[in-house]
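Below is one structure, written out as structure tokens; the observations come after it.
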Amino acid sequence: MNTTTLWLEAAFLGLIQGLTEFLPVSSSAHLRIIGPLLPSGGDPGAAFTAITQIGTEAAVLLYFRHDIVRIFLAWWASLTQPAKRQDPDARMGWLIIIGSVPIVVLGLLFKDAIEHSLRNLYITATMLIVFAVILGLADRFGRRERPLSQLTWGHGLLFGLAQAMALIPGVSRSGGTITAGLMMGYTREAAARYSFLLAIPAVMGSGFYQLLRSIQHGSPIAPGPTALATLIAFGVGYGVIVVFLKLVSTRSYMVFVVYRILLGLLVFGLLGGGVLSAL
5 MNTTTLWLEA
15 AFLGLIQGLT
25 EFLPVSSSAH
35 LRIIGPLLPS
45 GGDPGAAFTA
55 ITQIGTEAAV
65 LLYFRHDIVR
75 IFLAWWASLT
85 QPAKRQDPDA
95 RMGWLIIIGS
105 VPIVVLGLLF
115 KDAIEHSLRN
125 LYITATMLIV
135 FAVILGLADR
145 FGRRERPLSQ
155 LTWGHGLLFG
165 LAQAMALIPG
175 VSRSGGTITA
185 GLMMGYTREA
195 AARYSFLLAI
205 PAVMGSGFYQ
215 LLRSIQHGSP
225 IAPGPTALAT
235 LIAFGVGYGV
245 IVVFLKLVST
255 RSYMVFVVYR
265 ILLGLLVFGL
275 LGGGVLSAL
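Under the numbering used here, the first residue of the sequence shown is numbered 5, with each subsequent residue one higher.
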């Protein structure tokens, strides 16, 4: 494969990452499915996915910068000033930390499976369909009454467990956390907002961990094209955040439910027809 094709593929995968990271459709599933259909014909890999997610999370940092600074300063003050621990922003800081524990623990325990066996496309297609149905039920029957200010410690941990499910391609990090939020009675806006904030430590940590590994041990990932994909993911991802948060308060998630089911069925069809290989 020539250099131009490599750069074009990276740019395309960065575009896909930016478009799908914040929607409940699983960006890792899209990269896993599309990679083998490109001229290079290979799975981009968990490392490439994690590194390009640095770009989309950088978009989150930029969009929520005022909230993040406020939350961090309040949390930092709460470490030495007990009275500050009642501050809603300080509490949110602690809730983000608690919610990040499951994905860190499970990510380390099942690292090998995440990077290999769980990337089986039969698993990916199944997760796309199963969690589409769960999201649809949650969106249809969830009370959607609780604002983010009513987030409890227990619910924060449940959000974190839902996020950890996204270690399996096809589940969707945002989809998992939003589904959990709807099932617990939170509004669509509250569930989506906490999903964005909760992802920052886990996704940035995973991305920089994979980046450090690729530098220390050598990697098949091409540095230049990967950097291009990450930059494109940042720009596109920022635009998706703006649009998604405006639409989420008035539109249901049914369009994403239908899309996930159709995509899952398509993948099963491509696997059955020999166009895609499961591994």
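All C-beta atoms, glycine included, are put in the ideal place defined by N, C-alpha and C.
Computed from a prediction, not measured in an experiment: that's the story for all the values here.
In whole angstroms, what separates the C-alpha of residue i from that of residue j?
i    : j    : result
V244 : F68  : 14 Å
T181 : L165 : 8 Å
I72  : W80  : 12 Å
L113 : A33  : 21 Å
L110 : I75  : 26 Å
P227 : D116 : 23 Å
G277 : E13  : 24 Å
L267 : L23  : 15 Å
Y190 : S210 : 28 Å
L251 : L66  : 20 Å
G273 : T183 : 27 Å
D91  : Q167 : 25 Å
K88  : G97  : 12 Å
Y242 : W157 : 29 Å
Measure the Cβ-Cβ separation of residue i and residue j and say whether it is below 8 Å.
i    : j    : result
S178 : S199 : yes
I172 : I100 : no
E25  : M208 : no
L249 : G103 : no
A206 : I107 : yes
A78  : A63  : no
G118 : V271 : The sequence given here has Ile at residue 118, not Gly. Result no, Cβ atoms of I118 and V271 do not sit closer than 8 Å.
L275 : L125 : yes
Under the three-state reduction of DSSP, which class applies to residue i: helix, strand or coil?
i    : result
R95  : helix
R150 : strand
Y263 : helix
Y257 : coil
Grab me the residues of residue i's own chain with a C-beta within less than 8 Å of its C-beta, minus the 5 sequence neighbours each way, in chain order.
i    : result
G18  : T56, G59, L232, A233, T234, L235, I236, A237, V240
P40  : G46, D47, L280, S281
T9   : P43, S44
M187 : A142, G146
T4   : This structure gives no information on residue 4, because the portion of the chain shown stretches from 5 to 283.
Leaving out the 5 sequence neighbours to the left and right, which residues in its chain are closer than 7 Å to residue i when beta-carbon positions are compared?
i    : result
S176 : P28, V29, S30, F135, A170
Less than 6 Å between C-beta atoms, sequence neighbours within five positions excluded: which residues of the same chain meet that for residue i?
i    : result
Q214 : A51, A54, I55
A131 : Ala is not the amino acid found at residue 131; the sequence shown has Met there. Once the five neighbours on either side are set aside, the close Cβ partners of M131 are I172, G174, V175.
S253 : E193
E149 : G189
Legend entry - the segment 255 to 268 touching the segment 129 to 146, judged by at least three CB pairs closer than 8 Å: Touching, yes, given that three or more Cβ pairs across the two stretches are closer than 8 Å.
Inset, instruction - Report yes or no: do three or more beta-carbon pairs, one from the segment 105 to 125 and one from the segment 150 to 169, lie closer than 8 Å? - result: At 8 Å Cβ cutoff, the stretches touch.
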